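Protein chains in written order, with the working numbering: chain H, 1 to 321; chain G, 322 to 642. Glycine is no exception: its CB is placed at the ideal position from the N, C-alpha and C atoms. Given the structure is predicted, the values throughout are model-derived calculations rather than measurements. Worksheet: one structure, shown below.
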């Protein structure tokens, strides 16, 4: 079976793995990124760890057909570079990650893709979107990220930065988003945003058992919201209902935009399980055209913690197919 | 050169044409739809007029490779039917327009597409998006409609109803849209919406020369807004600036979603020309990621009044390519 070397670059961890053409992970690992020390060191560190893994697996670069890299955007895909990522720092801009890794591993063809786009292709080929033609991936986590596979092909756009779906507007005058605009979807419905809205309600003096679980207002995360909700806490239920409404409004827009067969939802907030998916489905249906929502399922991600590496692998296989 | 028979079905007119593979229109015409009399009569009427055109052009069904139909959605593409269109009426649901036209013209292969999606493919192949890979078409008219060509292929979605871009949210609690939701893009920024917002401001007693041009508040359209604006009317300028802001917010979302090479904008509101395109471009840039807006041009539609027929033709050629 054909194999690829896959890398998942993040602000804190740089993961790597050996992935078969059926999506199975033969071996994997991760190193610290230490993004602030720049790309050369981080790439050397991950290449060294990867070489060790290959030695353990008794594999050599010639056993692989390609290299795939998933990275936070924005990217300069043609040059294999990060291009102005707030998570990695300016030292990364212009350093060809694909060039470095290709040189490190026998000149294998290498490509870089936005991490959410790679995740979409991974879920389409190997995960919860398998067998469907039109798959949108949404991650609800620190922010909200997206990727779309349209009729079996990853939508990259003009320069590889398509599907910034967290920046669908929900309001014209809401809280300021990291992108500079007011009222983007992710400032209402990301995990960070749900926690922020909870802390704001608590700071305004609303009584709730959430603080008890968190220890203090500043420590509140969505996890404590779920804990309080399980106990029937009124504020927790209210904030969760609002969050579901925001999530549904955005997902409704995604359905109306892409008319997908399936929306695969990943990210930390999906730990809530049915408490998320059941009402979120209902809310999305309310906001989407019936004929479009009728054919669209909304399901949890299938690749779990492997989504980065397996997504990068899917992009690598596509690159040489 | 290969030719197709192209049809553009609308609530009031049913247009038809003979289109060459280079997009040139050899002949065209239109009949009344009389939608309320049902699809059988309308299709017979357009088929008869088309037969006359073919006779004039000394062409017969065997001179064509396919039939294309552009129609308001939602559609059942597989069966060639309209499926619950508010503009056409329930009698149209389930009647195979492609079946009828194929039977009428020598059994030619026929396909139906959403009119905005067909327009997107038409502008991509023959119009203002020619030579680009990723083309989004937006019409700003009675409503706001959209279509997207992704990496050279029309995005149809799971059941042919993709790119309902007029229903991107701008607010969570704005005016109710025809789709049932509050605050969709088209309830703020379509031609109808701009006129409605103007009439509301006038009805609230705001002084303006707009009424003079229209004759009365109830008669106000965007045309009268432009006339008053040309005279320096303060209210007209204010409403136009708000409209530009709404258009830009939506276009910013389109850029962040598709990362297109070009957005082609058609529809009645584009009659405003540079008074629309220059500030709308600036507004869109404010709301989109710089790296994405930098590669995306925003241009007027290239196919003008032919967009329906030529779009349907583009879909027909694609169907048999």
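Per DSSP, the continuous alpha helix (DSSP H) segment holding residue 102 of chain H begins and ends at 97–104. Restricting attention to G:323, G:596, G:591 and G:586, the CA atom closest to the CA of residue 469 of chain G is found in G:586.
Taking the Cβ atoms as the reference, residue 511 of chain G lies roughly 6 Å from residue 461 of chain G, within the contact range of under 8 Å. Residues 261 and 262 of the same chain have their beta carbon placed closer than 6 Å to that of residue 132 of chain H, with the five preceding and five following residues left out of the count. Note on geometry: alpha-carbon atoms of residue 256 of chain H and residue 58 of chain H lie some 49 Å from one another.
At the C-beta level, residue 530 of chain G and residue 549 of chain G come within 8 Å of one another.
Classified as buried, residue 426 of chain G has 16 or more neighbouring CB atoms from the shown chains inside 10 Å of its CB. Sorting H:272, H:37, H:295 and H:219 by C-alpha distance to the C-alpha of residue 91 of chain H places H:37 at the top. Contacts with chain G at 8 Å (Cβ-Cβ) include residue 169 of chain H. In terms of beta-carbon proximity, residue 419 of chain G stays away from the interface with chain H, with every pair separated by 8 Å or more. Out of G:525, G:551 and G:518, the CA that lies nearest to the CA of residue 534 of chain G is found in G:551. At a Cβ-Cβ threshold of 8 Å, residue 2 of chain H and residue 21 of chain H count as neighbours. Three or more Cβ pairs closer than 8 Å define a contact, and the region 494–502 of chain G falls short of that threshold against the region 620–632 of chain G.
No Cβ of chain H is located within less than 8 Å of the beta carbon of residue 369 of chain G. The Cβ of residue 117 of chain H sits no closer than 8 Å to any Cβ of chain G. Within the region 581–605 of chain G, the residues whose Cβ lies closer than 8 Å to any Cβ of chain H are, in chain order, 581 and 582. Exposed is the label assigned to residue 34 of chain H, since fewer than 16 other Cβ atoms lie within 10 Å of its Cβ.
DSSP, read as helix, strand or coil, puts residue 439 of chain G in helix. Listed along the chain, the chain H residues whose CB falls inside 9 Å of the CB of residue 572 of chain G amount to none; the nearest CB is some 11 Å away. If you check each beta-carbon in the region 519–539 of chain G against every beta-carbon of chain H, none falls closer than 8 Å. Look at residue 500 of chain G here: in three-state DSSP terms it is coil, with no helix or strand label.
The region 624–641 of chain G makes no contact with the region 592–605 of chain G: fewer than 3 CB pairs, one atom from each, lie closer than 8 Å. In the DSSP annotation of this structure, the continuous segment of the beta strand (DSSP E) that includes residue 300 of chain H starts and ends at 297–300. A distance below 6 Å between beta-carbons, with the five flanking residues on each side excluded, links residue 49 of chain H to the following residues of its chain, in chain order: 29 and 31. Of the residues G:422, G:450, G:606 and G:518, the one whose Cα lies closest to the Cα of residue 472 of chain G is G:450. Note that the C-beta distance between residue 160 of chain H and residue 455 of chain G is not below 8 Å. Taking 8 Å as the cut-off, the Cβ atoms of residue 443 of chain G and residue 632 of chain G count as close.
By the C-beta criterion, the region 107–116 of chain H is judged not to be in contact with the region 238–255 of chain H, since fewer than 3 inter-stretch pairs fall below 8 Å.
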